[in-house]
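S.K.:
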Amino acid sequence: MRNNAKKIITFALCLGLMASSLSLGGCSQKKDSGSSKKEAASSSQSEKKENKSSEEDKEDDGEKSSDDEKIEELEYKVDRLLTLFSNALEVEPEDILSEDFDPEEYFDYEEIHDIYDDTAVLEAYKSGDDSALDDNDKYVLEQMSQAIEENITDNMSEYEKEKAIYDYMFATTAYNDDNLAAIDLETDDADLYAHTPYGFFKYHETICVGNATTFKLFMDALGIDCKIIHSTAEGEHAWDVVNIDGNWYHVDLTFDGGDESPAYTCFNVNDEMKEEDGYDWSDQEDIPECTSLDCCYLVMSASEIEDIYAIPKAIQTAFDAGEDDVYMKIKADSEEDALRIKSEVSYILSGIIPSSSNVELIPMACVIAGDYVVCSVERYSYDDDEDYDYGDYYDGELEIDSGKLREAFKDLEDFAFDEDNADMYYF
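The number in the numbering used here is simply the position in the sequence shown, starting from 1, with 25 added.
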């Protein structure tokens, strides 16, 4: 996660695309930036409805926007963004549009966020003497102490304490999008402290480094071993490894796929599961191996089902019982079988659409965990009223009848599979 450098470079890419094609598509960040799957799924459905409604309105009114009007509007947007960009870099607009323009010359890509040192706050927490702390750290100490008092009891296990803090943090902070925004010419205090526990407690806005350092602060205060991984090889990202009952696990609150409640997609996962996020930590010192799944929330919460075709029934049974979150795991006989199951389930689940306008089925996770493929879905209710060809991707022996699986999903009362909505790379 770069700061100003990534903002301007991202904008430069957008601007270049707009200037060359007059198509203002916008830039978006990946899941690791904290974006919500639920918003993406809801947006997909909303866009379909809005497009349909828009088309009907045009037919009723007998009016259509002319190409000239669209071009004029896009040209205005490009000129406006170009002006903002040129002012920020203090260069002429024509220089930006030149083929020789290289925005990388303006920024130091080695710049990364500092990792907060919690030593002074921890000493004050243990001693009860905060006289050596500055005002910001006194505030951190006060807020942390209050959070521990309200969420932690002495009879809790290490896992229960860890999960209580994770849930508290998830409910307390939101991702600071300004740190990755395409255009952000102003910096406020929330941006300045988003990588620190002070930003977490004071402004409730954090980036990955802020989440990682705040989680470690809590674990240190509770006497639970915790280390920060600060990966900078392929763009900056930070998360934690934590020792629960003698085993180490990865914890990455920033990459949690939940919205109103945690999805736990990166809560107490092993090395193999965390490697799928694409951030390398091999150059980090003293980071222990994380091989256990004993305290992995996804695995602990999942009910084993007979095979891939039992997924729809398991989902409907859970919904009928009043559950909104469904966790399932399927035993795979080999690594190749696990890959095939994961691919097919991911593809099918991403294509499930609601049959009513006030409910969504949100795929939250589909991961390989040991000998199992674990998947989870969430039913989200609003208040207002042909087989896939995998080609060379898969070389295993497991055969999956996609037609049979899609047919099984017809048993879901409120949902149906839609080929146009499916995305093999959703998870």
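We treat Cβ as the ideally placed atom computed from N, Cα and C, and that holds for glycine. All of these numbers come straight from a predicted model, not from anything done at the bench.
For Asn180, count the other beta carbons within 10 Å of its own beta carbon; 16 or more makes it buried, fewer makes it exposed. Which is it?
M.R.: exposed
S.K.: Which term fits Pro337, buried or exposed, when burial requires 16 or more other beta carbons within 10 angstroms of its beta carbon?
M.R.: buried
S.K.: Nearest to Leu374 by CA position, among Ala441, Ser326, Ser359, is which residue?
M.R.: Ala441
S.K.: Under 8 Å by Cβ, that's how I've got Pro222 and Thr239 pegged, so tell me the actual separation to the nearest angstrom.
M.R.: 4 Å
S.K.: Mark Glu211 as exposed unless 16 or more other C-beta atoms lie within 10 angstroms of its C-beta, in which case mark it buried.
M.R.: For Glu211, the predicted model reports a pLDDT of 39, less than 50, meaning its position is unreliable; a value from the coordinates is still stated below. That one is exposed.
S.K.: Drop a sphere of 10 angstroms on the beta-carbon of Ser401, count the other beta-carbons inside from all chains shown, and report buried for 16 or more, exposed for fewer.
M.R.: buried
S.K.: So Ala394 and Met325 are in contact, right, with Cβ under 8 Å, and what is the actual spacing, rounded?
M.R.: Not confirmed; about 10 Å, so no contact.
S.K.: Does the region 253-272 come into contact with the region 159-169, if we say contact requires no fewer than three beta-carbon pairs (one atom in each stretch) closer than 8 Å?
M.R.: no
S.K.: Which of helix, strand or coil does DSSP assign to Tyr228?
M.R.: helix
S.K.: In the DSSP assignment, what are the bridge partners of Asp350?
M.R.: Glu403
S.K.: So, under 8 Å CB-CB, Ile333 and Ile366 are touching, yes? Tell me the CB distance rounded to an integer number of Å.
M.R.: With 8 Å as the limit, Ile333 and Ile366 qualify as a contact, their Cβ atoms being about 6 Å apart.
S.K.: Per the contact definition of three or more C-beta pairs closer than 8 Å, is the region 147-166 in contact with the region 182-196?
M.R.: With a cut-off of 8 Å, the region 147-166 and the region 182-196 do not count as touching, because too few Cβ pairs lie within range.
S.K.: Under 7 Å from any heavy atom of the ligand NAP, does the C-beta of Asn236 make it?
M.R.: For the structure depicted, the ligand NAP is absent and the ligand set is empty, with no information on it obtainable.
S.K.: Just tell me which of Ser371, Cys291, Ala327, Ile121 has its CA closest to the CA of Tyr352.
M.R.: Ala327
S.K.: Alpha carbon to alpha carbon, what distance is there between Cys251 and Glu100?
M.R.: 52 Å
S.K.: Throw me the rounded Cβ distance for the Leu437 and Gln341 pair, which I believe falls under 8 Å.
M.R.: 6 Å
S.K.: Taking the alpha-carbon of Gly282 as reference, which of Val392, Glu348, Glu97, Val384 has the nearest alpha-carbon?
M.R.: Val392
S.K.: Could you pull out every residue in the same chain whose Cβ sits closer than 8 Å to the Cβ of Ala189, ignoring the five residues on either side in sequence?
M.R.: Leaving aside the five residues that flank Ala189 on each side, the residues in its chain whose CB is nearer than 8 Å to its CB run, in chain order, Asn176, Ile177, Met181.
S.K.: Going by C-alpha to C-alpha distance, which of Glu261, Val294, Lys163, Tyr274 sits closest to Tyr304?
M.R.: Glu261
S.K.: Give the list of continuous alpha helix (DSSP H) stretches no shorter than 4 residues that lie fully inside the region 226-306.
M.R.: Annotation: the region 226-306 contains the following complete segments of the alpha helix (DSSP H) (minimum length 4 residues), in chain order: 233-246, 296-300.
S.K.: Quick one, which of Asp120, Glu361, Ile249, Tyr274 has its alpha-carbon nearest Glu300's?
M.R.: Tyr274
S.K.: Rounded to whole angstroms, what is the Cα-Cα separation between Asp296 and Thr316?
M.R.: 6 Å
S.K.: What did DSSP end up calling Ser328 once you bin it into helix, strand or coil?
M.R.: strand
S.K.: I'd like the span of the beta strand (DSSP E) that includes Ile387, first residue to last.
M.R.: Where Ile387 is concerned, the enclosing beta strand (DSSP E) stretches over 384-394.
S.K.: Is the beta carbon of Gly376 less than 8 Å from the beta carbon of Ala447?
M.R.: yes
S.K.: Could you tell me whether the Cβ atoms of Lys354 and Glu331 are closer together than 8 Å?
M.R.: no
S.K.: Measure the C-alpha to C-alpha separation of Ala199 and Thr144 and round it to an integer number of angstroms.
M.R.: If I take the Cα positions, the gap works out to 25 Å.
S.K.: Have a look at Ser307 and Val266 and give me their C-alpha separation to the nearest angstrom.
M.R.: 14 Å
S.K.: Do you know how far the Cα of Trp264 is from the Cα of Ala237?
M.R.: 5 Å
S.K.: For Tyr407, which residues from the same chain have a beta carbon less than 6 Å from its beta carbon, with the 5 sequence-adjacent residues on both sides left out?
M.R.: Asn383, listed in sequence order.
S.K.: Identify every residue that forms a DSSP beta bridge with Lys435.
M.R.: DSSP links Lys435 through a beta bridge to no other residue.
S.K.: Given a cut-off of 8 Å on the beta-carbon distance, is the pair Ala358 and Arg404 in contact?
M.R.: First, the amino acid is wrong: residue 358 is Asp here, not Ala. No.
S.K.: Among Val398, Gly347, Ser380, Asp270, which has the Cα closest to the Cα of Ser371?
M.R.: Val398
S.K.: So the beta strand (DSSP E) Phe442 belongs to, where does it begin and stop?
M.R.: 440-442
S.K.: Please classify Ala219: is it buried, with 16 or more other beta-carbons within 10 angstroms of its beta-carbon, or exposed?
M.R.: buried
S.K.: Closest by CA to Asp270, which one among Leu318, Asp125, Asp311, Ile121?
M.R.: Restricting attention to Leu318, Asp125, Asp311, Ile121, the CA atom closest to the CA of Asp270 is found in Leu318.
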